[in-house]
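Novice: This is the structure, below, for whatever I ask next.
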């Protein structure tokens, strides 16, 4: 199939509406026919858009398609919960979740007798099955979570995930922070991790996702991960190569970069052992890394000092040793800043390398 | 060119014929469908499934979800577009 | 320069089992860290191009480092009881 030209969102929406008008349950009125004709004649783009929708709908109507069997009651309940929370429902398209003001995932009262019967039959597990579960770590905290499907998730400092294990699908949203995923093999249910505009699909694997303000980094430890980026735009599965063990890719606002190969995995997973391993990393980066785990922040004020490279192995909760090292550098001074942190400065003209 | 008062379309003549479904392609379509449905918001998902799977009318959907008819059509359009995006390519 | 006599004394005291194969020195030092639980740090240029010997057996921290750094022109300095810095010998 050749790549078709991109059509603007309004046109696409109009085309979908047009299709709905003509294939909806009610007969279209002559007025609607007229309006549709006018719309189609206005531009070849409109015709193209309509054809594309029609083609999709035709594919969907083929007998081989199996729709997810989520109950109507469940769909309604989830939709209502969602529209009640979201401030601008019609603009919010991406599944990146809105920061919930309510404490936990919506455990809506079971208003339907049908559901109540199921509950009696299956037990409390049903609630866990159908509603998303949130897991969170506080600043400086780490936590290991075993999911119901046998997968393991190790959460790093200050992280939040939302987990939905459904009949045909396992979905985790990494809302914020860093997590190492150990995905239990289940051929019937793909395991997807959503973060920002990216969907990572795991194929029997172990991989790390680190979400920072303007950059997300994915490192595969074991197995294979497929990456899809950009919701609402078609990205053929063949486009982005599969990520394999020791591959790493960084994703910023412009999308995924070129994957890096041969990443040191002991370094990538060191945080799960409360260790920080640095191989030729600048002192500035090291300080930033310590600051993710410790409230007493370390700021290296001197650019010259900040850019010096070191190699080292540290315990994440021992910034004091790192500070002691910094203070021992000739010409360096460690002082206090106004925010309860430490600031490291360098004397002018001092040689910072021993 | 004179504008007709309304235009009739015979769908069969406009939509290009898809090649016969191969086993692989059917599976691919299925996967993409599931992916698409998982990606949209719960509101769009509900509207899509109730409409396409359960054949509810837009009015019924609107009533159950506490939305206007207009909003349902808008969600539906979004949903169709997303499905189209995922099922193509 | 901080130099804890107490830390040094500790490093002399406890012997640990080590199995470090000969390899680039920066890797050997990371391996040492893993096996001994000590924190290790050094400026990157310091170990460039240097190979470590193999170090296998029971060693105190100080003895282990002396063995690893033998003939390298480098020495170690205890920052505290749990952290060691590698630097060029004066």
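Chains as they are written, first to last, in this note's numbering: chain A, 198 to 551; chain G, 3 to 91; chain W, 12 to 101.
Think of the CB as a built atom: it goes at the ideal place given N, C-alpha and C, for glycine as much as any other residue.
Which of the residues in the segment 362-382 of chain A, read from start to end, lie with their CB under 8 Å from any CB of chain G?
Specialist: Per Cβ criterion, the list reads 365, 366, 368.
Novice: For residue 333 of chain A, which three-state DSSP category applies?
Specialist: As a first step, residue 333 of chain A must be located in the first chain, where it is residue number 136. Looking at residue 333 of chain A - three-state DSSP - the assignment turns out to be strand.
Novice: In the segment 220-272 of chain A, which residue ranges form an unbroken beta strand (DSSP E) of at least 3 residues, counting only runs that do not cross its ends?
Specialist: For the segment 220-272 of chain A, not a single whole beta strand (DSSP E) run of length 3 or above is found.
Novice: Kindly list, in the order they appear in chain G, the residues whose Cβ is closer than 9 Å to that of residue 262 of chain A.
Specialist: By one-based count along the first chain, residue 262 of chain A stands at place 65. The contacting residues are 28, 31, 32, 35.
Novice: Helix, strand or coil: how does DSSP classify residue 84 of chain G here?
Specialist: On the second chain, residue 84 of chain G is found 82 positions in, with the first residue counted as 1. The answer is helix: DSSP assigns residue 84 of chain G an H, G or I state.
Novice: Give the DSSP-derived three-state secondary structure of residue 69 of chain W in the structure shown.
Specialist: Locating residue 69 of chain W in the third chain gives position 58, where the first residue counts as 1. Three-state DSSP puts residue 69 of chain W in a strand.
Novice: So what's residue 218 of chain A in DSSP terms, helix, strand or just coil?
Specialist: In the first chain, residue 218 of chain A corresponds to position 21, counting from 1. Of the three classes helix, strand and coil, the one that applies to residue 218 of chain A here is helix, per DSSP.
Novice: Taking Cβ positions, are residue 420 of chain A and residue 399 of chain A nearer each other than 8 Å?
Specialist: As a position in the first chain, residue 420 of chain A is number 223, starting the count at 1. As a position in the first chain, residue 399 of chain A is number 202, starting the count at 1. Yes. Within cutoff.
Novice: Starting from residue 423 of chain A, follow the beta strand (DSSP E) in both directions and report where the run begins and ends.
Specialist: Mapped onto the first chain, residue 423 of chain A falls at position 226. Unbroken beta strand (DSSP E) run through residue 423 of chain A: 413-426.
Novice: Within the continuous beta strand (DSSP E) that includes residue 91 of chain W, where are the two ends?
Specialist: Within the third chain, the letter at position 80 stands for residue 91 of chain W. Taken as a continuous stretch (DSSP letters only), the beta strand (DSSP E) holding residue 91 of chain W covers 85-91.
Novice: So residue 272 of chain A and residue 35 of chain G are in contact, right, with Cβ under 8 Å, and what is the actual spacing, rounded?
Specialist: Numbered from its first residue, the first chain carries residue 272 of chain A at position 75. Numbered from its first residue, the second chain carries residue 35 of chain G at position 33. Residue 272 of chain A to residue 35 of chain G, Cβ: 16 Å. No contact.
Novice: Buried or exposed, going by whether 16 or more other CB atoms sit within 10 Å of the CB of residue 75 of chain G?
Specialist: By 1-based counting over the second chain, the position of residue 75 of chain G is 73. The residue is buried, with at least 16 neighbouring Cβ atoms inside 10 Å.
Novice: Closest to residue 453 of chain A by C-alpha separation, out of A/461, A/440, A/464, A/459, would be which residue?
Specialist: For the purposes of this step, residue 453 of chain A is taken as the residue at position 256 of the first chain. Comparing Cα-Cα distances from residue 453 of chain A to each of A/461, A/440, A/464, A/459, the minimum goes to A/440.
Novice: Going by DSSP in three states, residue 363 of chain A sits in which element: helix, strand or coil?
Specialist: As a working note, residue 363 of chain A is residue 166 in the first chain. DSSP places residue 363 of chain A in coil when its eight states are reduced to three.
Novice: Do residue 416 of chain A and residue 369 of chain A come within 8 Å of each other at the CB atom, strictly closer than that value?
Specialist: Looking up residue 369 of chain A in the first chain gives position 172. Looking up residue 416 of chain A in the first chain gives position 219. Result no, Cβ atoms of residue 369 of chain A and residue 416 of chain A do not sit closer than 8 Å.
Novice: Tell me residue 530 of chain A's beta-bridge partners as DSSP assigns them.
Specialist: Stepping through the first chain from its first residue, residue 530 of chain A is reached at position 333. Residue 530 of chain A is bridged to A/542.
Novice: Sorted by chain position, which residues of the same chain lie with C-beta nearer than 7 Å to residue 401 of chain A's C-beta, five sequence neighbours on each side aside?
Specialist: For the purposes of this step, residue 401 of chain A is taken as residue 204 along the first chain, with counting starting at 1. So the qualifying residues of the chain are 380, 382, 420.
Novice: Roughly how many whole angstroms lie between the Cα atoms of residue 89 of chain W and residue 52 of chain W?
Specialist: Mapped onto the third chain, residue 89 of chain W falls at position 78. Mapped onto the third chain, residue 52 of chain W falls at position 41. Approximately 10 Å between the Cα atoms of the pair.
Novice: Going by C-alpha distance, which of A/470, A/352, A/517, A/371 is nearest residue 359 of chain A?
Specialist: Along the first chain, one-based indexing puts residue 359 of chain A at 162. Looking at the Cα atoms, A/371 is the closest of the given residues.
Novice: How many Å lie between residue 231 of chain A and residue 215 of chain A at the Cα?
Specialist: Position 34 of the first chain, counted from the first residue, corresponds to residue 231 of chain A. Position 18 of the first chain, counted from the first residue, corresponds to residue 215 of chain A. Roughly 12 Å separates the two Cα atoms.
Novice: With distances taken from CA atoms, which of A/473, A/499, A/244, A/340 is nearest residue 526 of chain A?
Specialist: Translated into positions along the first chain, residue 526 of chain A becomes position 329. Here the closest residue by C-alpha is A/499.
Novice: Residue 332 of chain A to residue 373 of chain A, Cα distance in whole Å?
Specialist: Position 135 of the first chain, counting from 1, holds the residue named residue 332 of chain A. Position 176 of the first chain, counting from 1, holds the residue named residue 373 of chain A. Straight-line Cα distance between these residues: approximately 11 Å.
Novice: Just the C-alpha distance for residue 258 of chain A and residue 479 of chain A, rounded to the nearest angstrom, thanks.
Specialist: The residue labelled residue 258 of chain A in the question sits at position 61 within the first chain. The residue labelled residue 479 of chain A in the question sits at position 282 within the first chain. So the two alpha carbons sit approximately 57 Å from each other.
Novice: Report the option in W/43, W/82, W/92 whose CA atom is closest to the CA atom of residue 69 of chain W.
Specialist: Against the third chain, residue 69 of chain W aligns to sequence position 58. Among W/43, W/82, W/92, the Cα nearest to that of residue 69 of chain W belongs to W/43.
Novice: Does the beta carbon of residue 65 of chain G sit closer than 8 Å to a beta carbon anywhere in chain A?
Specialist: Your numbering for residue 65 of chain G matches position 63 in the second chain. Chain A contact via Cβ: absent.
Novice: Is any beta-carbon of chain A found at less than 8 Å from that of residue 71 of chain G?
Specialist: Numbered from 1 along the second chain, position 69 holds the residue referred to as residue 71 of chain G. By this cut-off, residue 71 of chain G is not an interface position.
Novice: Work out the CA separation of residue 220 of chain A and residue 315 of chain A for me, nearest whole Å.
Specialist: Numbered from 1 along the first chain, position 118 holds the residue referred to as residue 315 of chain A. Numbered from 1 along the first chain, position 23 holds the residue referred to as residue 220 of chain A. Below a pLDDT of 50, predicted positions are generally treated as unreliable, and residue 315 of chain A, at 42, falls in that range; the measurement from the model is reported next regardless. Between residue 315 of chain A and residue 220 of chain A, the C-alpha separation is close to 35 Å.
Novice: Look at the Cβ atom of residue 501 of chain A, then the Cβ atom of residue 477 of chain A, and state whether they are nearer than 8 Å.
Specialist: Working through the first chain from its first residue, we reach residue 501 of chain A at position 304. Working through the first chain from its first residue, we reach residue 477 of chain A at position 280. Cβ atoms of residue 501 of chain A and residue 477 of chain A: not closer than 8 Å.
Novice: Who are the near neighbours of residue 319 of chain A in its chain, counting only those whose CB is closer than 7 Å to its CB and skipping five residues on each side?
Specialist: Residue mapping note: residue 319 of chain A aligns to position 122 of the first chain, counting from 1. Only weak support exists for where residue 319 of chain A lies, its pLDDT of 45 falling under 50; the value from the coordinates is given anyway. Cβ within range, chain order: n/a, list empty.
Novice: Starting from the beta carbon of residue 138 of chain A, find every residue of chain W whose beta carbon is closer than 9 Å, and list them in chain order.
Specialist: Only positions 198 to 551 of chain A appear in this structure, which leaves residue 138 of chain A out of reach.
Novice: Under a CB-based cut-off of 8 Å, is residue 90 of chain W close to chain D?
Specialist: Protein chains in the displayed structure are A, G and W, and chain D is not among them.
Novice: Listed from N- to C-terminal order along the chain, which residues in the segment 484-505 of chain A have their beta-carbon within a distance smaller than 8 Å of any beta-carbon of chain W?
Specialist: Per Cβ criterion, the list reads 505.
Novice: Mind checking if residue 358 of chain A is an interface residue toward chain G, Cβ cutoff 8 Å exclusive?
Specialist: One-based indexing of the first chain puts residue 358 of chain A at position 161. Chain G contact via Cβ: absent.
Novice: What does DSSP give as the partner residue(s) for residue 509 of chain A in the beta ladder?
Specialist: Sequence index remark: in the first chain, residue 509 of chain A carries index 312 (1-based). Answer by DSSP bridge pairing, in chain order: A/475, W/52.
Novice: Going by the beta-carbon positions, is the gap between residue 88 of chain G and residue 46 of chain G smaller than 8 Å?
Specialist: Here residue 88 of chain G refers to the residue found at position 86 when the second chain is read from its first residue. Here residue 46 of chain G refers to the residue found at position 44 when the second chain is read from its first residue. It is not a contact, given that the beta carbons lie outside the stated cut-off.
Novice: Can you say whether residue 67 of chain W is buried or exposed, counting buried as having 16 or more other CB atoms within 10 angstroms of its CB?
Specialist: On the third chain, position 56 is the one that residue 67 of chain W refers to. Its Cβ having fewer than 16 others within 10 Å, residue 67 of chain W is exposed.
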